[in-house]
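Everything below concerns the one structure shown next.
Numbering (the numbering used here), first residue to last: 763 to 983.
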């Protein structure tokens, strides 16, 4: 009786382990399947080329601390892909420096993936920091692994159990930029731009189809 019970227990454990192993395999393999088989995802990525203005920064206040160092309070806004005046998210940061850096992870989808001869790129804002602060100590703009709100169309193209798989893999490119190179994805991380903000100006952040982020300065509106 004991041996029979032990055998059943062992069989149950092995079966559970097998199921978990299969589940783990398919969860890790899903990113490859998604990039090669999901037509809705391909369509959402194809539309990335329409993005131009992706957000802006405005100087809210500027003071000096006890040591005479400039302290900037900046409002950082991300805008919707289809409407640059529609706010997707809005954050406020205080940076002890007259120069402010914005660090982004750029993910490029090569032409062999989108199959029309034109590269696509998306970006994930990572950190904001001052000139005397190391990037690793910067303030987080977005949490690694999160679903960026401005790419809701990509997230919505995925089934519920595939959303986290996809975005975890995309964020992982910051640590291994060649991880998905076999599928036409490459990453350029540490792509930082900087501004020296002054009152009354708006710093528009724009992106090219190949992932180059650059600022344009205009008067406050």
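Think of the CB as a built atom: it goes at the ideal place given N, C-alpha and C, for glycine as much as any other residue.
- Within the DSSP bridge table, the entry for residue 852 names 839 as partners.
- Annotation for residue 980: no alpha helix (DSSP H) segment contains it, though the beta strand (DSSP E) segment containing it runs 975-981.
- Here DSSP, grouped into helix, strand and coil, assigns residue 823 to strand.
- CA-to-CA, the gap between residue 931 and residue 982 works out to about 38 Å.
- About 25 Å separates the Cβ atoms of residue 907 and residue 857, ruling out a contact at the 8 Å cut-off.
- Here the stretch 820-832 does not lie against the stretch 907-921, with fewer than 3 beta-carbon pairs under 8 Å apart.
- In the three-state DSSP reduction, residue 805 falls in the helix class (H, G or I).
- Under the rule that a run must span 3 or more residues, the beta strand (DSSP E) segments found entirely inside the stretch 869-913 read 882-892.
- Rounded to the nearest angstrom, the Cβ distance from residue 885 to residue 969 is 6 Å, consistent with a contact under 8 Å.
- Taking each of 909, 895, 889 and 894 in turn and checking the Cα distance to residue 902, the smallest one comes out for 889.
- By the neighbour-count criterion, in which 16 or more other beta carbons inside 10 Å mark a residue as buried, residue 870 falls on the buried side.
- In the DSSP secondary-structure assignment, residue 815 is bridged to 968.
- A check of alpha carbon separations from residue 921 across 845, 850 and 803 identifies 803 as the nearest.
- CA-CA distance, residue 948 to residue 934, rounds to 11 Å.
- Within the model, the alpha-carbon separation for residue 792 versus residue 929 is close to 11 Å.
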